[in-house]
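A.B. asks:
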Amino acid sequence: RALRMLGGKNATLGKRYNLTGADAFSANGYVDTFAAVVGVTPNKVHVPAALMDDLYAGRASLARGQANAKVDIRSATQTSQLINQRFQLTMLVQRIAPHIHHWNRNIVFGIDRLREDVGWRPELTFPSAVEHTYAWFRQQGLHETLKFDWGWEDQLLELARARA
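Following our numbering from start to finish, the sequence shown increments by one per residue and tops out at 970.
Written out as structure tokens, the structure reads:
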């Protein structure tokens with residue numbers, strides 16, 4: 807719907823827009839939102855910043871886990887092993903564009919310009935979008951048929967405990 811609103815409006819020519827929600831969440835808030843929707847109490851383990859720096863820079867590494875994501879994360883300027891590791895880290899800290907932004911850089915996307923130029927507002931809040939997605943996930947039976955490889959996360963926990 808937002809894309810239809812952009813077409814043919816002089817105010818939108820040559821501009822980029824973020825199609826995100828109006829909410830803002832910290833990393834802990836992100837985890838808390840998913841935990842509340844799923845109905846669990848999260849066991850949060852904070853990975854030491856020095857370990858994250860080492861993982862991000864490639865000074866420490868973990869065996870690659872199996873990701874079910876269909877995302878092209880290649881970069882011509884970095885080795886694929888480092889890019890793959892950074893991609894795995896984004897699954898952990900939910901950062902966009904790991905080949906551009908450092909793991910601890912806060913990135914905030916806003917909808918202000920889109921709202922001002924065409925009047926678009928998101929229909930869902932972040933928590934309601936998570937609720938809708940989780941309901942769909944369960945309706946499709948994916949909670950019973952998908953298999954997850956937690957080996958990468960287990961390795962990370964071992965490293966984090968060893969460095970704590």
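For each residue, glycine too, the CB sits at the ideal point set by N, CA and C.
Mind reading off the beta-carbon distance from P928 to T839? Whole number of angstroms is fine, and I expect it under 8 Å.
C.D. replies: The pair is not a contact, with the Cβ atoms about 15 Å apart (cut-off 8 Å).
A.B. asks: Return the CA-CA distance between Y823 and Q894, expressed in angstroms with no decimal places.
C.D. replies: 26 Å
A.B. asks: Could you give the first and the last residue of the continuous alpha helix (DSSP H) run that contains G835?
C.D. replies: 833–844
A.B. asks: How many angstroms separate the CA atom of Y940 from the CA atom of G845?
C.D. replies: 11 Å
A.B. asks: Contact defined as beta carbons within less than 8 Å: I believe Y862 pairs with H908. What is the distance between those atoms, to the nearest angstrom?
C.D. replies: 7 Å
A.B. asks: Do K850 and V837 come within 8 Å of each other at the CB atom, strictly closer than that value?
C.D. replies: yes
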